[in-house]
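Notes to accompany the following structure.
Chains as they are written, first to last, in my numbering: chain A, 168 to 491; chain B, 2 to 362.
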């Protein structure tokens, strides 16, 4: 359904060297499937999703690559053509629903606006009925009453449901969810994740789920791409990422999570910090933090190579047990 | 033995509303509503709860940054609830705080050396030379280099800033550090670094921590004992091992069940999402047990009368505030698959390499 090829998104004002926030990324998502994109701050996961939506803040721009979606290359569409895709065929939800909702307008008015953008002929009564229907779909109790509420009258979990209702109001084929539950309490998070799974089963939409939480990925994703410093470090089915992790960065992430069932011990942690995009190492971008790195890792970037069916890793040293 | 810190029925209520010209408040927010706990020397008490449960208000009460509406606070046996002036000033260095947001809690115009020397200056500790020496000693303790002393906060990553925040708390050699969500703004690899650092410092300096967090997995890794809060009250408190092995309050169970495990084998298990997750606010604390509107076990008595913390039979130090504690079914954590051999082998190699790298400097 969505196929990204060699995407490179750069930021650079005139006269200054360009900085690539996303640097040569290939990804695919199929209908009805969920692709989890995992990585830490600065890995480029949010810029990747804004590139797909063509919502890059200036001076960001797509410098190379294709974003194939339903037979079109989104990277090559005009802004006007892109407006037909955005919202209607691809929708997006963000981490903090409070900042995405207008505090001065009722929930109903905001859902109506989302519907009217793509269906200008809808009558007021029709918009209200569809708004109530949308709230019902995201399991908001008493939708006939809540539709007249303002955002501040709702809890964080309810607001995120409203955002999902708005995103799904035009039945998109692809939903991009950028840290959709990070700001929510754990019990509310569990409900919102369940809701997304149910809605996906009902509609067959594809989901790109951007998160730093490997627990959320394990529960939601079919495939996972682990990103580091603008590139894909490892890509595999969800089970393989957890059971057969290949990239040292993936290992470091898995070792860093405190586990609720595990006896407390020293966490693995990854020493050092992510390099800033203007000071990237010449070879593998993870090499300065990698416990397995050798001289080769510092000379050229490792290509993403197939290591098992459906699993690709950008590491010269994987699998690490073969290092003599 | 006298605990380092002891809170008895601590409460903090805020009047709200009533309009600009009205003298009567419209309501009372009971942010902290009768909390008792102790923190022993060298111990970490984890304090867990969801947003709005009053855990940050409790942190500020503990440090006497705000005054309690009711209750008693003791530090090393001394009643400090109403301590003021010079006596309070002398106590302040003994209790320090590490904040959640390392971006907001460091003055961007000061160098690291100035930030770390400031608490010494405020409390009149040492002369300029001694303060400089203290700064020099603090940096390596938190894993920073001496050349970092002359830099400003914006030159550091989030994890390094949190190290600066920890160093600042350590500057005046406190006995107790209140950590309010110290790692929740950090990436997971950095979070692990800071958790390890806090544990190392505790082992080395005999510190006590009041560790406030919403992440139950992080708390399990740092706390000796854990208290679970709902709407301004502690509902369950127990030694960490015991709390996770047999949670004895329906709320604790709800929290534990809802955490998504990093284990794809569990993805097909039925969801642990509670039917009703939304909490009433602290402005409208329910009658009876304050958890009953969300409780799957609630019965008539729960709606009428509030349960107090009661010791659990056969589990020393484990207290729970639930009328039905004795009737709860046996706790069944989600089934655990053993780690896959390939993953376990590689993680072991990773740990081995990391330790080698550390030993060789």
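Beta carbons: idealized from backbone N, C-alpha and C, even for Gly.
When the Cα of residue i is compared with those of the options, which residue comes out closest?
{"i": "residue 93(B)", "options": "343(B), 258(B), 124(B), 42(B)", "result": "124(B)"}
{"i": "residue 181(A)", "options": "217(A), 228(A), 197(A), 201(A)", "result": "228(A)"}
{"i": "residue 1(B)", "options": "361(B), 233(B), 254(B), 303(B)", "result": "The structure shown does not extend to residue 1(B), since chain B is modelled only from 2 to 362, so the question has no answer here."}
{"i": "residue 5(B)", "options": "30(B), 28(B), 64(B), 76(B)", "result": "76(B)"}
{"i": "residue 41(B)", "options": "286(B), 34(B), 8(B)", "result": "8(B)"}
{"i": "residue 172(A)", "options": "198(A), 335(A), 398(A), 200(A)", "result": "398(A)"}
{"i": "residue 357(B)", "options": "235(A), 480(A), 459(A)", "result": "459(A)"}
{"i": "residue 374(A)", "options": "216(A), 209(A), 206(A), 224(A)", "result": "216(A)"}
{"i": "residue 3(B)", "options": "268(B), 39(B), 13(B)", "result": "39(B)"}
{"i": "residue 243(B)", "options": "438(A), 321(A), 431(A)", "result": "431(A)"}
{"i": "residue 153(B)", "options": "110(B), 82(B), 181(B)", "result": "110(B)"}
{"i": "residue 318(A)", "options": "441(A), 266(A), 367(A)", "result": "266(A)"}
{"i": "residue 356(A)", "options": "352(B), 315(B), 273(B)", "result": "273(B)"}
Which of helix, strand or coil does DSSP assign to residue i?
{"i": "residue 48(B)", "result": "strand"}
{"i": "residue 101(B)", "result": "coil"}
{"i": "residue 288(B)", "result": "coil"}
{"i": "residue 391(A)", "result": "strand"}
{"i": "residue 1(B)", "result": "The shown model of chain B, from 2 to 362, leaves out residue 1(B), and the question about it has no answer."}
{"i": "residue 364(B)", "result": "This structure leaves residue 364(B) out entirely; chain B is present only between 2 and 362."}
{"i": "residue 401(A)", "result": "strand"}
{"i": "residue 293(A)", "result": "helix"}
{"i": "residue 472(A)", "result": "strand"}
{"i": "residue 278(A)", "result": "helix"}
{"i": "residue 340(A)", "result": "coil"}
{"i": "residue 331(A)", "result": "helix"}
{"i": "residue 200(A)", "result": "coil"}
{"i": "residue 10(B)", "result": "strand"}
{"i": "residue 328(B)", "result": "helix"}
Measure the beta-carbon distance from residue i to residue j and round it to whole angstroms, keeping in mind my assumption that it falls under 8 Å.
{"i": "residue 377(A)", "j": "residue 204(A)", "result": "5 Å"}
{"i": "residue 135(B)", "j": "residue 127(B)", "result": "7 Å"}
{"i": "residue 108(B)", "j": "residue 433(A)", "result": "Not confirmed; about 33 Å, so no contact."}
{"i": "residue 411(A)", "j": "residue 349(B)", "result": "The Cβ separation is near 15 Å, so there is no contact."}
{"i": "residue 314(A)", "j": "residue 299(A)", "result": "6 Å"}
{"i": "residue 37(B)", "j": "residue 10(B)", "result": "6 Å"}
{"i": "residue 248(B)", "j": "residue 163(B)", "result": "Not a contact, Cβ separation roughly 30 Å."}
{"i": "residue 207(A)", "j": "residue 189(B)", "result": "7 Å"}
Ignore the nearest five residues each way along the sequence and tell me which others in residue i's own chain have a CB closer than 7 Å to its CB.
{"i": "residue 385(A)", "result": "405, 409"}
{"i": "residue 231(B)", "result": "50, 54, 252, 291, 292"}
{"i": "residue 284(A)", "result": "254"}
{"i": "residue 224(B)", "result": "45, 46, 47, 212, 241"}
{"i": "residue 1(B)", "result": "For residue 1(B) there is no data in the structure shown, the boundaries of chain B being 2 and 362."}
{"i": "residue 278(A)", "result": "298, 301, 332, 333, 336"}
{"i": "residue 454(A)", "result": "448, 460, 464, 465"}
Give every residue of the same chain whose Cβ lies closer than 8 Å to the Cβ of residue i, excluding the five residues on either side of it in the sequence, and list them in chain order.
{"i": "residue 436(A)", "result": "419, 422, 423"}
{"i": "residue 339(A)", "result": "254, 255, 256, 257, 258, 372"}
{"i": "residue 230(A)", "result": "175, 176, 177, 185, 187"}
{"i": "residue 360(A)", "result": "348, 383, 386, 387"}
{"i": "residue 302(B)", "result": "289, 324"}
{"i": "residue 443(A)", "result": "209"}
{"i": "residue 352(A)", "result": "323, 324"}
{"i": "residue 262(A)", "result": "345, 346, 347, 349, 350"}
Taking the alpha helix (DSSP H) that residue i belongs to, which residues open and close that run?
{"i": "residue 142(B)", "result": "129-142"}
{"i": "residue 317(A)", "result": "Looking at the DSSP string, residue 317(A) is not in any alpha helix (DSSP H), and its letter there is neither H nor E."}
{"i": "residue 406(A)", "result": "405-410"}
{"i": "residue 222(B)", "result": "217-223"}
{"i": "residue 229(B)", "result": "Segment 226-231 is the beta strand (DSSP E) holding residue 229(B); no alpha helix (DSSP H) there."}
{"i": "residue 361(A)", "result": "353-370"}
{"i": "residue 116(B)", "result": "113-123"}
Looking at the unbroken beta strand (DSSP E) that takes in residue i, where does it start and where does it end?
{"i": "residue 166(B)", "result": "Here residue 166(B) belongs to no beta strand (DSSP E); instead the alpha helix (DSSP H) covers 159-171."}
{"i": "residue 443(A)", "result": "Premise fails: residue 443(A) is in no beta strand (DSSP E) and is neither H nor E."}
{"i": "residue 68(B)", "result": "Neither: residue 68(B) is in no beta strand (DSSP E) and is coded neither H nor E."}
{"i": "residue 455(A)", "result": "No beta strand (DSSP E) contains residue 455(A), which DSSP labels as neither H nor E."}
{"i": "residue 62(B)", "result": "Here residue 62(B) belongs to no beta strand (DSSP E); instead the alpha helix (DSSP H) covers 56-63."}
{"i": "residue 229(A)", "result": "227-236"}
{"i": "residue 186(A)", "result": "186-196"}
{"i": "residue 302(B)", "result": "It is not in any beta strand (DSSP E) - residue 302(B) instead sits in the alpha helix (DSSP H) that spans 301-305."}
{"i": "residue 240(B)", "result": "234-240"}
{"i": "residue 348(A)", "result": "Run containing residue 348(A): none; DSSP gives neither H nor E here."}
Whose C-beta lies closer than 6 Å to the C-beta of residue i among residues of the same chain, with five residues either side of it excluded?
{"i": "residue 146(B)", "result": "none"}
{"i": "residue 487(A)", "result": "459"}
{"i": "residue 312(B)", "result": "320"}
{"i": "residue 238(B)", "result": "228, 320"}
{"i": "residue 95(B)", "result": "175, 176"}
{"i": "residue 427(A)", "result": "none"}
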